[in-house]
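If you count the sequence shown from 1, you need to add 1006 to reach our numbering. From the three backbone atoms N, C-alpha and C, an ideal C-beta is built for every residue, glycine too. Remember, it's a predicted structure, so these values are computed and weren't measured experimentally. Everything on this sheet refers to the single structure shown next.
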Amino acid sequence: AVERGAELVVVDPRRTPLAERAAVWLQPRPGSDLALALALIQTIIAEEWVDRAFVDRWCTGFEELKTHSLRFSPEALESVTWVKPDQVRSAARLYATAQPAILQAGNAIDHSPHNVQTARALAILRALTGNLGVPGGEALGVPPEVLPMGSPVFDLREKLPAEIRDKRLNARDGLLPNIFYALPQSIVRAVLEEDPYPVRLAYVQGSNLLLSYPHAGRAFQALKKLDFLAVADLFLTPTAALADVVLPAASYLEFDAVIAPPYYPVVQVQQKVARVGESRSDAAIIRGLGQRLGLGEFFWESEEESLDFILKPAGLRFEEFRQIGVLTGHRSFRHYEKQGFATPSGKVELFSGRLRDWGFDPLPVYRPLPETPDGSPEMAGEYPLVLTSWKVDAFRHSGGRQIDSLRQSHAEAVVWIHPETAEKLGLAEGDRTVIETSRGRIAQQARLTDKIDPRVVGVDYAWWFPERGAESLFDWDQANVNMLTDDRNPSGSEMGTPQLRGFLCRVYKADEGSA
C-alpha cells in the first residue's frame, strides 16, 4: 500500500519496521493510548477537520464532545503522552484529511483499565472523519449467518436462579451488564480470601494461567490452596505440572471444528490425523464431565451435532460444510443509510446515554493510573522506568517454548533497554538483568537498542523453560512478566481489566544467583 502511495501514521513505543516507513511516527508513553486518542479528537475538532456532513446526519452528542474535548489538547497532555503537540497535529491532519482512511488498533489497548474508553475514543475518531462504511475506509462487513463465538444462544445465565446469579464471583464488582465471565482476579480472590464464597476445586482448559494471570504470584498461591486442580492440555505446562490430574487434550489436527469469530470468515477445520492414546477434544472432555455430573441435557450427543447447530442459520450441516470450507459473508458500504446503526438512536452516539444510565462515563475521560509517572509521581525515585511488554513473534502466547526450531530463533527471554539507560546502569548487551516492581522481580537477557525510549524498558511475555524440569514447574516465575503486574490496583470500571503495561519499574544487573 505504501508503495502505491498510501501514507502511514504509526503509534508504537518501539521503532518497528512499519514505524520506519511511516509518514508520521508517534512514540507515546506505554499506557497513554487514551490520552493520545483524546488529543487527536480535540485537534480534529479544533482545526475543523471534522466531516460535518457525516457527523450532522449520522452522529449524536457532537456538541457535548466538543465541549468535553477542550481540556484534552495536545499541549495539556504532552506530559502524559510524551508526544510533541506538533506531531499530534501532523498525525491528526493526515488521518482526518486523507479520506478514506483506516484506523487499525492492536492488542495493546486491551491491556489497561482504560480499554473500553480507549476503544470508544478510536471509534469516535472514525466517526468524526466520516470513515465508517465507506470504500477504502472502515468497511463494515456483514458476517456469515452462523452462530458466532460468544452468541447469547450459548449463555446460560438466565437459566440460573436469581439468588445463584447474584452470587457469581464478580456479580458485585460494578461491571458492564454483559460481562458474564469470572475475572482472573475475582477467581484468585475467591480462593485466597473466600470472598464471596470459598472455591475448593478448579478445572483449567485452554490456559497456562501461571503465565497469563496478572499478579502471577497470587495466582500460584491460589492454585496451591485448592483441594483439587485438574488441567487439560496438549503439553505439560507449568500450570499442568502443578495439577493433581492432567487430561490429555487433542490438538486441532485431531478433531473437526467450526471457527466462527464475530465479523470474520467462518472456516472449518477437519480432522487430519488419528487421535493418540486417550486424548479427546476440549468439547468432548466438557461434554463427558457434564454427563457424569448429571447435566447431560445441556449438551449435544456428538461433536458433529453441535457443529450442525452452529451452522444451522446458514442452512448447512457440517458434512456439507466440509466441501465448502469457508463462509465469507460480504462487505457492506454505507449500510446505515438503509438500517441505521445498532444503537438506541440508530446513529453513532458520541455521547453514550446507555453508558451514562449504567453509571459509566458517557464520554471518554483520561484519569492517571496507579504506579505510573503521572498517577504515582512519588514512586519515580525508586522505580524510574516505565515497563511495557509484548508477545514474541516466534511463539503464540506461552506456547512453543519446548519446540527447538522456535527456540533457535528466540532462545532466551529478552528485555529491551536503550543504550543510554544501559550505560547509566552499568549494563552490557547480553547481561542477565533484573526487572523489579513493588510486587516482585524477574530476570531477562539485556538487548541494547535505540528503538525504544530511554525512559522505557520492554519485556518479553510468557516465558518458562521446559528444559529445566517439572520439579521446579519449569522455572515459571524466573522470567515471567506477570510476576510484576498487579491484579489489585483499581481495575477498569467497565470490564475489570487490570493494568498489564505502562507501570513503573527499576532495572539493574543481576548478581550471581539472584532473581
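| query | Smallest Cα separation from F1471: which of E1199, P1119, L1217? | reply | L1217
| Is Y1514 helix, strand or coil by DSSP? | strand
| message | Would you call the region 1496-1514 in contact with the region 1438-1450, where contact means no fewer than 3 C-beta pairs closer than 8 Å? | response | yes
| message | Could you tell me the alpha carbon to alpha carbon distance between D1161 and F1186, rounded to whole angstroms? | response | 9 Å
| task | Give the C-beta separation of F1423 and V1392 to the nearest angstrom, bearing in mind that I take them to be a contact with Cβ-Cβ under 8 Å. | result | Per the sequence shown, residue 1423 should be read as Ile rather than Phe. Incorrect: roughly 12 Å between the Cβ atoms, too far for contact.
| query | Comparing alpha-carbon positions, which option in V1398, R1126, Q1408, A1098 lies nearest P1522? | reply | Nothing can be reported for residue 1522: it is not among the residues displayed for the chain, which extend from 1007 to 1521.
| said: If you reduce the DSSP assignment to three classes, tell me which class Q1048 lands in. | reply: helix
| Supposed contact pair A1041 and L1014 - C-beta distance, whole angstroms, cut 8 Å | At roughly 22 Å, the Cβ-Cβ gap does not stay under 8 Å, so L1014 and A1041 are not in contact.
| field | Close Cβ partners of P1034 (< 7 Å) along its chain, the five nearest in sequence each way excluded | value | V1017, P1019, L1042, T1087, W1088, V1089
| said: Per DSSP, what are the beta-bridge partners of R1362 in this structure? | reply: R1362 is not bridged to any residue.
| said: Since P1202 and K1173 should fall inside the 8 Å C-beta cutoff, what is the C-beta to C-beta distance between them, to a whole number of angstroms? | reply: 6 Å
| request: Let me know if S1404 comes out buried or exposed under the rule of 16 or more other beta-carbons within 10 Å of its beta-carbon. | output: buried
| query | According to the Cβ coordinates, are D1250 and G1502 closer than 8 Å? | reply | no
| query | Which partner residues does P1254 have in the DSSP bridge list? | reply | D1239
| said: Determine, for V1252, whether the minimum Cβ-Cβ distance to residues of chain C falls below 8 Å. | reply: Protein chain content of the structure displayed is limited to a single chain, and chain C is not contained in it.
| said: Which runs of the alpha helix (DSSP H) at least 4 residues long sit entirely within the region 1049-1085? Give them in chain order. | reply: 1058-1064, 1068-1075
| query | Pick from V1282, S1308, R1281, G1283: whose alpha carbon is nearest that of G1294? | reply | S1308
| task | Along the beta strand (DSSP E) that carries R1447, what are the first and last residues, could you check? | result | 1447-1454
| field | For H1336: DSSP bridge partner residues | value | V1148
| request: Return yes when the Cβ of V1465 is within less than 8 Å of the Cβ of V1398, no when it is not. | output: no
| field | Pairwise C-alpha distance: S1085 and P1383 | value | 12 Å
| task | Return the CA-CA distance between S1213 and V1152, expressed in angstroms with no decimal places. | result | 26 Å
| message | I'd like the span of the beta strand (DSSP E) that includes V1535, first residue to last. | response | No answer is possible for residue 1535: it lies beyond the span of the chain, which begins at 1007 and ends at 1521.
| request: Counting only runs of 4+ residues fully inside the region 1157-1182, write out the alpha helix (DSSP H) ranges in chain order. | output: 1168-1171
| message | For M1489, count the other beta carbons within 10 Å of its own beta carbon; 16 or more makes it buried, fewer makes it exposed. Which is it? | response | buried
| Presumed contact (8 Å Cβ cut-off) between F1060 and G1136, rounded CB distance | 4 Å
| query | For V1030, which residues of its own chain have a beta-carbon under 7 Å away from its beta-carbon, when the five flanking residues on both sides are left out? | reply | V1015, Q1093, S1096, A1097, L1100
| query | What do you get for L1207, buried or exposed, if any count of 16 or more other CB atoms within 10 angstroms of its CB means buried? | reply | exposed
| If you draw a straight line from the C-alpha of L1242 to the C-alpha of G1011, how long is it? | 49 Å
| request: State the DSSP-derived secondary structure class of T1394, mapped to helix, strand or coil. | output: strand
| request: Mind checking which residues open and close the beta strand (DSSP E) that includes A1104? | output: Element bounds for A1104: not the beta strand (DSSP E) but the alpha helix (DSSP H), 1091-1104.
| query | In three-state DSSP terms, what is F1226? | reply | helix
| said: Here's a check: name, in chain order, each residue in its chain whose Cβ is nearer than 7 Å to the Cβ of Y1269, leaving out the five neighbours to either side. | reply: G1147, P1149
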